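Peer 1:
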Amino acid sequence: MRRSNIRKAGLYILIFNFLVATFPQQALAGIIATPSAIAAQENHESLSHLKELLAREDVRGQLVQLGIDPAVADQRVSSLTPSEIAQLQPRLDSLPAGGDGVLVVIGVVFVVLIILELVGVTHVFNKF
Amino acid sequence: MRLGLLAAVLAPALVLGGCASVSPVLAPRLPDDARRTAVDLDATPFNPQTVHQCGPAALATVLQASGVEVSPADLVSRVYLPERQGSLQTELVAATRSYARLPYVIGPGLDTLLAELRAGHPVLVLQNLGFSFNRVWHYAVVVGYLPDDDVVILRSGVTRRLVMPAGRFLRTWRLAGYWGLVVLRPGELPATPSATAYLKAAADLESIGQSRAAALAYGAAAARWPSQPTAWLGLGNIHYQAGNVPAAEHNYRQAVRVDPGFLPGWNNLAEVLAERGCFDTAITTLDGALAQPDATDALRTLLLQTRREILARRPAAYAADAPACGQSHPGEYPAGNE
């Protein structure tokens, strides 16, 4: 019960942030904002505000599942543009995540070298 | 017999590893006058990575090189995903914006990357150090190249100066889709910019509230591509939001002067005309734009909406526009700024 209240409160905060964040653009009644002009020139279907809100909430949830603190996840989601949200939402868990792996690669190279040496193609280790 | 088979299996692995490449990789991708010149951005900072955190380390390196005071530890909470043990490209781009820097994803191809290095921009790259079937994603920062040795120089992992054969680097970069990011100070242009990509990046800066940085980027774009209406529109919108309506009108006029088919420019010009009481001129401006044959549906809808709103705002007792409406905003902008 309390957990769901907290979740609800989180959603309200998110909606509030969203409204505040988009307020300057809302206030410009007849002005076409530059990002909208670019999207319209490219004839992109931009997400409706409601759909974008839901997509943001979804990405936020995925970030939390991937180990991000909920408050930090809010901040990270709010720094993404609508098109980035649309890009991340369906495949956040499969997009390339650069970590390291230098050791893995060194391992692979080492195994190849040993095989080559055993097979007699190279003579690297004879020099030692 | 079995040995022969093994060698046959391993030979391609050798070639893939770049060990067998003999023809130079860098020289053919360099302009004639730069074919022998080494580039080494040795002043680029170095942040050795901790486990799995090459994303924060590489991003800190390029941000610091662009004058931002930030440490990898500051960036962990912004770009690191614990369960994925890595960082996403999109989040590196987004985090760059929050430090008021313009993230520009360079066009694919080694020649583009080399051109950025010659312009003094270290390039954050995504590499796949594994294979196309077993991927090992890694971020590093390219800081130079030596054409004579056919190598590139990287800040990578825990190595401050990793010298890698260009062929091997190219393979790891190709397997990661040739993704490279330069971090630009506001108003700075990349070495080989595409107007569309740069303006999109500037608009993205604006959309997360970095108006100052975005204004400088639009200004640089307008200077570099004066015939790009979006750059003028961007400048106009920034002035409009800051309450400088005459400057906004000046830039909107510039946008439609360089491209009379640019509907957002006509729309915003009509809006500022209506705001200074020139309702008839505003409506004729919109009607002229709506009569254009190649207007997209999305834009047509927006312009019709603006038209309705302007008509609704026009006072009932409105007779006709004042004569001054036929001209640009009176006393609007310093002359010679076009």
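Chains R and Y, in that order, give the protein sequences.
With our numbering applied, the first sequence corresponds to residues 117 to 244, in that order.
With our numbering applied, the second sequence corresponds to residues 13 to 350, in that order.
We treat Cβ as the ideally placed atom computed from N, Cα and C, and that holds for glycine.
Please read these numbers as outputs of a predicted model, since none were measured by experiment.
Taking only three categories from DSSP, how would you classify Val80/Y?
Peer 2: Start at 1 with the first residue of the second sequence, and residue 80/Y comes out as number 68. It is coil, neither helix nor strand.
Peer 1: Any contact of the segment 37-56 of chain Y with the segment 127-137 of chain Y, i.e. 3+ C-beta pairs under 8 Å?
Peer 2: Yes: the two stretches touch, three or more of their Cβ pairs being nearer than 8 Å.
Peer 1: Give the residues of chain Y in contact with Ala147/R, contact being defined as C-beta atoms less than 7 Å apart.
Peer 2: Residue 147/R sits at position 31 when you count from the first residue of the first sequence. As written in the sequence, residue 147/R is Ile, which differs from the Ala given in the question. The contacting residues are Asn249, Tyr252, Asn280 and Glu283.
Peer 1: Distance, Cα to Cα, Ala156/R vs Ala267/Y?
Peer 2: In the first sequence, the residue the question calls residue 156/R occupies position 40. In the second sequence, the residue the question calls residue 267/Y occupies position 255. Those two C-alpha atoms are separated by around 16 Å.
Peer 1: Just to confirm the assignment: which complete alpha helix (DSSP H) runs, minimum length 4, are found wholly within the segment 29-113 of chain Y?
Peer 2: If we require 4 residues or more, the alpha helix (DSSP H) runs fully inside the segment 29-113 of chain Y come out as 66-77, 84-91 and 101-110.
Peer 1: Ile154/R versus chain Y: which residues are under 7 Å apart at the beta carbon?
Peer 2: Locating residue 154/R in the first sequence gives position 38, where the first residue counts as 1. Near Ile154/R (Cβ distances below 7 Å), the residues of chain Y are Leu211, Lys212, Ala215 and Thr242.
Peer 1: Starting from Gly156/Y, trace the beta strand (DSSP E) both ways and give me its first and last residue.
Peer 2: In the second sequence, counting from the first residue as 1, residue 156/Y sits at position 144. Looking at the DSSP string, the run of the beta strand (DSSP E) that includes Gly156/Y is Trp149 to Leu158.
Peer 1: Whole angstroms are fine: how far does the CA of Ala329/Y sit from the CA of Ser110/Y?
Peer 2: Within the second sequence, numbered from 1, the residue matching residue 110/Y stands at position 98. Within the second sequence, numbered from 1, the residue matching residue 329/Y stands at position 317. So the alpha carbons of these two residues sit roughly 49 Å apart.
Peer 1: Tell me whether Pro140/R sits in a helix, a strand or coil according to DSSP, three-state version.
Peer 2: Taking the first sequence and counting its residues from 1, the one referred to as residue 140/R is at position 24. Because the pLDDT of Pro140/R is 41, which lies under 50, any placement of that residue in the model is unreliable, and the question is left without a value.
Peer 1: Give me the DSSP bridge partner(s) of Asn263/Y.
Peer 2: Here residue 263/Y is taken as the residue at index 251 of the second sequence, counted from 1. Answer by DSSP bridge pairing: none, since Asn263/Y is not bridged.
Peer 1: Go through its chain and collect everything with a Cβ distance to Glu283/Y's Cβ below 8 Å, but skip five positions before and after it.
Peer 2: Here residue 283/Y is taken as the residue at index 271 of the second sequence, counted from 1. Hits under 8 Å: Ala294, Thr318 and Ile322.
Peer 1: Identify which residue in Leu38/Y, Thr242/Y and Ser78/Y has its Cα closest to the Cα of Gln161/Y.
Peer 2: Walking along the second sequence from the start, residue 161/Y turns up at place 149. For the sequence presented, residue 161/Y should be read as Asp rather than Gln. Here the closest residue by C-alpha is Leu38/Y.
Peer 1: Indicate, with yes or no, if the ligand NAD has a heavy atom lying under 6 Å from the CB of Asp216/Y.
Peer 2: As far as ligands go, the structure on display features none, and thus does not contain the ligand NAD.
Peer 1: Indicate the three-state DSSP secondary structure (helix, strand or coil) for Gly300/Y in the structure shown.
Peer 2: By 1-based counting over the second sequence, the position of residue 300/Y is 288. Looking at Gly300/Y - three-state DSSP - the assignment turns out to be helix.
Peer 1: Since Gly214/R meets chain Y, which of its residues come closer than 7 Å, beta carbon to beta carbon?
Peer 2: For the purposes of this step, residue 214/R is taken as the residue at position 98 of the first sequence. Correct list: Cys66, Gly67, Gly98, Ser99, Leu138, Trp149, His150 and Tyr151.
Peer 1: Taking contact to mean 3 or more Cβ pairs, one atom from each stretch, closer than 8 Å, check whether the segment 191-204 of chain Y and the segment 161-177 of chain Y are in contact.
Peer 2: Result no; under three Cβ-Cβ pairs closer than 8 Å.
Peer 1: Which residues, in order along the segment 100-111 of chain Y, keep a beta-carbon less than 8 Å from a beta-carbon of chain R?
Peer 2: Residues passing the 8 Å Cβ filter: Leu100, Gln101, Thr102, Glu103, Val105, Ala106, Ala107, Arg109 and Ser110.
Peer 1: Determine the chain R residues that contact Pro205/Y at a beta-carbon separation under 9 Å, and present them in chain order.
Peer 2: Within the second sequence, numbered from 1, the residue matching residue 205/Y stands at position 193. By Cβ distance, chain R contributes nothing, its closest Cβ being about 15 Å from Pro205/Y, past 9 Å.
Peer 1: So which residues of chain Y does Gln205/R contact, with C-beta pairs closer than 8 Å?
Peer 2: The sequence position of residue 205/R within the first sequence is 89, counting from 1. Under the 8 Å cutoff, chain Y gives no residues; its nearest Cβ is about 11 Å from Gln205/R.
Peer 1: Out of Val235/R, Thr197/R and Ile201/R, point me to the one whose CA is closest to Ile220/Y's CA.
Peer 2: What you label residue 220/Y is simply residue 208 of the second sequence in a count that begins at 1. With distances taken between Cα atoms, Ile220/Y lies closest to Thr197/R.
Peer 1: Does Leu93/Y have its Cβ less than 7 Å from a Cβ in chain R?
Peer 2: Taking the first residue of the second sequence as position 1, residue 93/Y is located at position 81. It does: the Cβ of Leu93/Y has a partner Cβ on chain R nearer than 7 Å.
Peer 1: Within the segment 155-204 of chain Y, note down every full alpha helix (DSSP H) run reaching 4 residues or more, in order along the chain.
Peer 2: Entirely contained in the segment 155-204 of chain Y, the alpha helix (DSSP H) runs reaching 4 residues are, in chain order, 178-186.
Peer 1: From Asp306/Y to Leu275/Y, what distance separates their C-alpha atoms?
Peer 2: One-based indexing of the second sequence puts residue 306/Y at position 294. One-based indexing of the second sequence puts residue 275/Y at position 263. If I take the Cα positions, the gap works out to 10 Å.
Peer 1: Excluding five sequence neighbours on each side, which residues of the same chain lie with their C-beta closer than 6 Å to the C-beta of Pro60/Y?
Peer 2: The residue given as residue 60/Y occupies position 48 in the second sequence. Taken in chain order, the residues that qualify are Val170.
Peer 1: For Gly277/Y, which three-state DSSP category applies?
Peer 2: The count along the second sequence starts at 1 and reaches residue 277/Y at position 265. Gly277/Y falls in the helix class under three-state DSSP.
Peer 1: Which residues bound the beta strand (DSSP E) around Asn140/Y?
Peer 2: Along the second sequence, one-based indexing puts residue 140/Y at 128. Unbroken beta strand (DSSP E) run through Asn140/Y: Val135 to Asn140.
Peer 1: What are the residues that DSSP puts in a beta bridge with Tyr116/Y?
Peer 2: Sequence index remark: in the second sequence, residue 116/Y carries index 104 (1-based). Paired residues: Val194/Y.
Peer 1: By alpha-carbon positions, which one of Leu187/Y, Gly156/Y, Leu311/Y and Arg180/Y ends up nearest to Arg172/Y?
Peer 2: One-based indexing of the second sequence puts residue 172/Y at position 160. Checking every option, the nearest Cα to that of Arg172/Y belongs to Gly156/Y.
Peer 1: Step through the CB atoms of chain Y and report whether any lies within less than 7 Å of the CB of Arg176/R.
Peer 2: By 1-based counting over the first sequence, the position of residue 176/R is 60. False, the Cβ-Cβ gap to chain Y never drops below 7 Å.
Peer 1: Using a Cβ-Cβ cut-off of 7 Å, state whether Glu200/R counts as contacting chain A.
Peer 2: Structure shown: chain A not included; protein chains present are R and Y.
Peer 1: Once you ignore the five residues that flank Ala112/Y on each side, which residues in its own chain have a CB closer than 6 Å to its CB?
Peer 2: Residue 112/Y sits at position 100 when you count from the first residue of the second sequence. Excluding positions up to five away in sequence, the list reads Gln222 and Ala225.
Peer 1: Verify the CB distance criterion: does Glu389/Y have a CB-CB separation below 7 Å to chain R?
Peer 2: The displayed coordinates of chain Y run from 13 to 350. Any statement about residue 389/Y would go beyond what the structure contains.
Peer 1: Taking only beta-carbon atoms, is Ala310/Y less than 7 Å away from chain R?
Peer 2: Residue 310/Y sits at position 298 when you count from the first residue of the second sequence. Closer than 7 Å to some Cβ of chain R, the Cβ of Ala310/Y qualifies, so yes.
Peer 1: What does Thr318/Y reach in chain R if we use C-beta pairs closer than 9 Å?
Peer 2: By 1-based counting over the second sequence, the position of residue 318/Y is 306. Neighbours of Thr318/Y on chain R, chain order: Ala145, Gly146, Ile147 and Ile148.
Peer 1: Can you name the residues of chain Y whose CB is closer than 9 Å to the CB of Ser195/R?
Peer 2: By 1-based counting over the first sequence, the position of residue 195/R is 79. Those are Arg90, Glu103, Ala106, Ala107, Arg109, Ser110 and Ile220, listed as they occur along chain Y.
Peer 1: Please return the same chain residues whose Cβ sits closer than 8 Å to the Cβ of Gly183/R, not counting the five positions on each side in sequence.
Peer 2: Counted from its first residue, the first sequence places residue 183/R at position 67. Counting only Cβ-Cβ distances below 8 Å, and skipping sequence neighbours, we find nothing.
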